[in-house]
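Chains as they are written, first to last, in our numbering: chain S, 327 to 555; chain G, 535 to 1155.
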Amino acid sequence: MDEQIPFFHNVQLADNPEPRCPCVVVLDISTSMSGDAIEALNRGVRQFIQELSTDSLASRRVEVAIVTFGSSVQLAADFTSPRSLLPPHFKAEGATPMGEAVVRAYSVLQSRKEEYRRAGLSYFRPWMFLLTDGAPTDAHSKHWKDAVRLVHEGEANRHLLFFGVAVNEADQAVLNTLCPPKRPSLKLKGLQFGELFSWLTASLKSASASAPGSAIALPPTNGWATIEV
Amino acid sequence: MPVFDETGRAWELGPKIAAGGEGVVHQLLHAPEYCAKIYHSTPLSALKQAKLKALCGLPKELRGNLALPLSLIFSQRGGSQALGVILPFIQGHDIFELYNPQGRREHFQKADFAFLVAAARNLSIAFKVLHENGIVMGDVNEQNIKVRPDATLSLIDCDSFQIEHHGQRYTCNVGTPLWTPPELQGVSLSELERTPNHDAFGLAQLIFLLLFAGRYPFAGKPLNSEPLPPEAAIAKFAFAFDPTPKERLLEPPPAAPPFDSLPPSLRNLFLRAFRRGSELPSARPSPTEWITELQALGGSLTRCPSWPAHLHWKGSAACPWCGILQTARVELFPAPPGTPSNPEGAPASHGAWVDRLLALSFEPLQFGPPSAAMQTAAVNALELEVTSWMPGFLRRIPFVQRNINASHLNELKSRVSQANQTVGSFSNQASTLFLQHFAQAQPLLKSAHDTAGKLKSIGTPSSKAVAQVLARHQLRELQEHLERQLLHRAQVAGLGQSRRATLQSYQIITAWDVTEAALLALPGFGMTLTRKLLDWRKLHERDFQLSYRPPTAIQGNATFTAAVQKEADELVTNAKRLLSQINEVKSRYASSFATLQAAYHDAYAKWTALETRIKQLSAMM
C-alpha cells in the first residue's frame, strides 16, 4: 500500500538516454492480403526488425510500434527498441478500417512522445509508415476525416513524416487524399516487401543519426517502388 | 581484386567490413592491421585526391591519436587516379557504446566512473594534438571515435578533417545537426572554415556524455508544451543543466546525475562551452583546460560506502549513482562479472540494500547481430557452392556462367523461405528459454521485494523487532499491573478466610499468580470457584488493556537496539543470499542464451547470405 511507484514504468527510457526516433508502422492485414502477400509481409516485417537491431546506433535510437487493421484495429506491438520487439505473425482477415488505424497510430505516437518528454529525452521527427492493398472501408466515417486532418496537420507542423505505400490493387487516389500533398503514395513493385523494408531501415538509420546536412537525405526508392505514371 | 599502393605494392581486398555514404571499407587479406576504403564516386576529384595525399603526409606522431591514411591506392601499378586509401585498422568500439549505459554493459563491462574520466581525458589529449597541428576535426560525432578496452582512443574518418598543407586549406564539408555548435546550426558547411572553437563544442558534449551517464546536455524536460528537438535546443543554447540560465527552456531530465556531482571548476567549463557567448572566438574551454580539470577529477574520486563499484567525486553531496538507482531503479555501474558485489568489510547501509533488492529484475536477453566475418563467411560459402565442381575454364565461358547462375538462383530462391522461417523460429526458442529461467527467478524476485519491504520498515512499528520489543513491554506492564492486585482484597463470592489462607500458603498472592494450572493444583478448589477467580483476573486484565499506552520512544532502549540489529543482520544475510541466487539463475540463463545465440547467428548469416546472393545473381541476369 505504501509502496512507492517508480517514475519509469519503462526502464529503457532511463537506461538509454539517446534521442529517439519513433516509427509507427501501420499495416493492412485485410482479407485481400491473404496468400503470398501476407507471407511476404510477415517476412518483410521480420527482416525490418532484424536489420534495425543489427545497427548499433539505430537500435538505440529507433523505436518501432506496429498497428494493424483488418477484422479490427490492433496495436500489434507498442513502442519498443527493435532489439526487444518480437514481430507477431499476421493473418489476413477482415475489412480495411484504415482511418481508424491511422487515428490509433497517431494516439500511440502521442503517448510515446509524452513519455519521452517526461523522461527528458529528445526525439527526432516521428515517422508513420502505412501499407495498404485496398481502399478504406471507413472512408465516410469521422475516423477517416480525423485521420486526414491529423496527417496533414502533423506534416504541416513538421511533427510527423507520413509515408503511404500502395500494394497490388490499392486505391492510390483515395490513399493520396490521406498522404501529404508533397509526398504522394508510392506503389510497391510486386511484393517486394524485403526491398521496401530495407529502404525503411536505411532511411531510419539516416534520420536517427541525422545524416550530414540539415535535411534528411532519404535513399532512392527505385529498388521497390514503381515509377510514377 | 588486387589494388596497388603508391610504392607499387599489391594488396588483395578482403571482405567488406563497413559501408558508409562515401565509400566501402574492406579488410586487406594477409594484413589484418590495415584496411582499405574504396570510394563510391571514382575517379576522385583532383581536390579530394590532393587532400588524401596531404593526409598521408601528415607527421607520423599523429598516428597515435588519428587513423590517418597510409597511402593512396590505385587499380593498377603506377596509376594516377586513386580509388581509395589504405588505413590502419582500428580496434575498439564507437564512443557512444561507452557513454550509453546499455552499450557500456555490453561492450565495456569493467568500465567504472574512473574509466570514463580517463577516456574523457584521453579524448581531450587527442584534440590537443590535433589542434596543435593545425587540424580541425569538424565533423565531431558519436561514430567517428573508437575507444579501446584500456580507455585510449583514436579519431577516425580523417578524410573529412580540415587540414592545411603547403598553404592550401582543405575544408571539412560535413557535420551532423546533433553535434553542430549553435553558431553553425542551419549554416551551409560546404567550403566553410572550421575553427578549434567549433570542435570545442563537440569535445565538451562528448565529455558531458561520458561524465553524465550518457545524458545529452541539450535534452531535458521542456517547460512549455512545444517539443524542442535537439538541433533547436542547441541553436537556443538551452543547456538543460545550467543552474542559472538567462531563460529556462529545459529542466534537467529526471534520473540524471545532478550537475553539482562534479567539481565547480569542471561545471564552469561546461557552462563556458554551452552558454550563450560560447560562440565567440576561442570562448569555449580548450583541450588543455579539460585535461587539467579531468586529471584533477581523476585524483579526487571516492568509493561510495554503500556500493564499492560506485565511484564519484569526493566533494559530491551524495553518490549520484545511488540516487539514480533510487529514482529510476537503474544500476549504472553494476559490479563487473566475477567480482564480489559487496566485498566483506565494506559497510552497506540498509537503505543501499533496499534499493539494490528493488532494482533486481529479470529481463529477456536479445539477440545481437552476427559478426561481419560470420556474414562474409556465409556469403563466401554460397559462392563456393556453385563453382567448386566445375573446372575454371568452363566456368569462364559467359554462356555457361549465365546458365549456372540462373539455375543456382532458382535453387537459392527455393531455400530462402525455409531459411527465413528458421531464423524466425529462434524467437520462440528464445521466449521459451527466458520463461524457463524466469520461472526460477520469479520466487526469488518476490522474496527480494519482501525482504526489501522488511528492511525498509526496520525500526518502525510494523517491523518484527519493534513488534517483539513492544509485545515484551506490554507483557511486563501487564505483569506489574496484575501484581498490584492483591487477592486478599478481592471480592469474590465463595472465597472465605480458609480458602484465602490456602491460596496464600501456595504463594498465590496477586492476580498475576492466578492461573488455571495453579488453581487446579490446589486442594478443594472446584471448577466454579476456579472460574470465578479467573474471571476476577480477566477483569483486571481488561482494566489494564483499557488504560495501557505503548511507549512513544523506545529508540534508546538497549533491548530495542539489539533486536533491530539482529533483525537487520538477518535480513541483510537474506538479501545477500537472494542476490547471489538470482545472479546464479541469470548466469545460467546467459550461458544457455549464448548457445542459442550462436545457432541463431549461424541461421541468420545463412539467411542474409542467401538474400545477398540472390540480389547479386539477379543483378547479373
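A virtual CB, placed ideally from N, CA and C, is assigned to each residue, including glycine.
Residue i, buried or exposed, once every other Cβ within 10 Å from all chains shown has been counted against 16
i                      : result
residue 673 (chain G)  : buried
residue 1062 (chain G) : exposed
residue 527 (chain S)  : buried
residue 800 (chain G)  : buried
residue 886 (chain G)  : buried
residue 1093 (chain G) : exposed
residue 777 (chain G)  : exposed
residue 628 (chain G)  : buried
residue 536 (chain G)  : exposed
residue 918 (chain G)  : exposed
residue 566 (chain G)  : exposed
residue 947 (chain G)  : exposed
residue 634 (chain G)  : buried
residue 1017 (chain G) : exposed
Whether residue i touches residue j by CB criterion (8 Å)
i                      : j                     : result
residue 1116 (chain G) : residue 979 (chain G) : yes
residue 474 (chain S)  : residue 413 (chain S) : no
residue 409 (chain S)  : residue 347 (chain S) : no
residue 390 (chain S)  : residue 403 (chain S) : yes
residue 664 (chain G)  : residue 707 (chain G) : no
residue 457 (chain S)  : residue 353 (chain S) : yes
residue 491 (chain S)  : residue 511 (chain S) : yes
residue 694 (chain G)  : residue 624 (chain G) : no
residue 544 (chain S)  : residue 529 (chain S) : yes
residue 340 (chain S)  : residue 660 (chain G) : no
residue 589 (chain G)  : residue 603 (chain G) : yes
residue 524 (chain S)  : residue 460 (chain S) : no
residue 819 (chain G)  : residue 835 (chain G) : no
residue 703 (chain G)  : residue 832 (chain G) : no
residue 632 (chain G)  : residue 744 (chain G) : yes
Distance between residue j and residue i (C-alpha atoms, nearest Å)
i                      : j                      : result
residue 762 (chain G)  : residue 499 (chain S)  : 35 Å
residue 1067 (chain G) : residue 1006 (chain G) : 25 Å
residue 415 (chain S)  : residue 705 (chain G)  : 51 Å
residue 974 (chain G)  : residue 441 (chain S)  : 32 Å
residue 626 (chain G)  : residue 685 (chain G)  : 10 Å
residue 875 (chain G)  : residue 829 (chain G)  : Note on residue 875 (chain G): pLDDT 49, under 50, position unreliable in the model; the coordinate value appears next. Roughly 28 Å between the two C-alpha positions.
residue 889 (chain G)  : residue 988 (chain G)  : 12 Å
residue 668 (chain G)  : residue 507 (chain S)  : 49 Å
residue 646 (chain G)  : residue 850 (chain G)  : 17 Å
residue 367 (chain S)  : residue 928 (chain G)  : 40 Å
residue 999 (chain G)  : residue 1101 (chain G) : 6 Å
residue 881 (chain G)  : residue 1001 (chain G) : Reliability fails at residue 881 (chain G), whose pLDDT of 45 lies under 50, so the model's placement of it is uncertain and the value that follows must be treated cautiously. Approximately 26 Å between the Cα atoms of the pair.
residue 363 (chain S)  : residue 480 (chain S)  : 30 Å
residue 572 (chain G)  : residue 547 (chain G)  : 10 Å
residue 862 (chain G)  : residue 786 (chain G)  : 15 Å
residue 934 (chain G)  : residue 1153 (chain G) : 17 Å
residue 1078 (chain G) : residue 971 (chain G)  : 55 Å
residue 423 (chain S)  : residue 451 (chain S)  : 26 Å
residue 678 (chain G)  : residue 840 (chain G)  : 37 Å
residue 494 (chain S)  : residue 462 (chain S)  : 15 Å
Sufficient close CB pairs (3 or more, under 8 Å) joining the region 602 to 618 of chain G to the region 724 to 736 of chain G: no
Under 8 Å, CB to CB, which of the residues in the region 507 to 533 of chain S have a partner in chain G? 520
Does the count of Cβ pairs from the region 957 to 970 of chain G and the region 1120 to 1128 of chain G closer than 8 Å reach three? yes
Using a Cβ-Cβ cutoff of 8 Å, what residues of the region 857 to 872 of chain G are near chain S? List them in chain order. 858, 861, 862, 863 and 864
Give me the subset of the region 417 to 451 of chain S whose CB atoms are less than 8 Å from a CB atom of chain G, sorted by chain position. 439, 443, 444, 445, 446, 447, 448, 449, 450 and 451
Residues of the region 734 to 755 of chain G with a CB closer than 8 Å to any CB of chain S: list them in chain order, please. 747, 748, 749, 750, 752, 753, 754 and 755
Output, in sequence order along the chain, the residues in the region 335 to 361 of chain S whose CB is closer than 8 Å to any CB in chain G. 337, 340, 341, 342, 343, 344 and 345
Scan the region 462 to 489 of chain S for residues whose Cβ lies nearer than 7 Å to a Cβ of chain G and list them as they occur along the chain. none
Near-chain S residues of the region 630 to 652 of chain G - C-beta to any C-beta below 8 Å: 630, 631, 634, 635, 636 and 637
In chain order, what residues of the region 535 to 554 of chain G put their CB closer than 8 Å to some CB of chain S? none
Name, going along the chain, the residues of the region 947 to 964 of chain G whose beta-carbon falls closer than 7 Å to a beta-carbon of chain S. 954, 958 and 961
What are the residues of the region 397 to 414 of chain S that lie near chain B, defined by any Cβ-Cβ distance shorter than 7 Å? Judged by its chain identifiers, the structure shown contains no chain B, and its protein chains are S and G.
When you compare the region 736 to 754 of chain G with the region 772 to 786 of chain G, are there three or more beta-carbon pairs, one atom per stretch, that lie closer than 8 Å? yes
Should the region 632 to 641 of chain G be called in touch with the region 584 to 595 of chain G, which here means at least 3 C-beta pairs below 8 Å? no
Between the region 1141 to 1149 of chain G and the region 942 to 953 of chain G, do at least 3 Cβ pairs fall closer than 8 Å? yes
Count Cβ pairs between the region 1104 to 1112 of chain G and the region 1038 to 1047 of chain G that sit closer than 8 Å; are there 3 or more? no
What residues in the region 782 to 809 of chain G bring their beta carbon closer than 9 Å to a beta carbon of chain S? 784, 785, 786, 787, 788, 789 and 790
Got a sec: which bits of the region 705 to 731 of chain G sit with their beta carbon under 7 Å from any beta carbon on chain S, in order along the chain? 708, 709, 710, 711, 712 and 720
The region 377 to 395 of chain S: positions lying closer than 7 Å to chain G by Cβ: 379, 380, 382, 383 and 386
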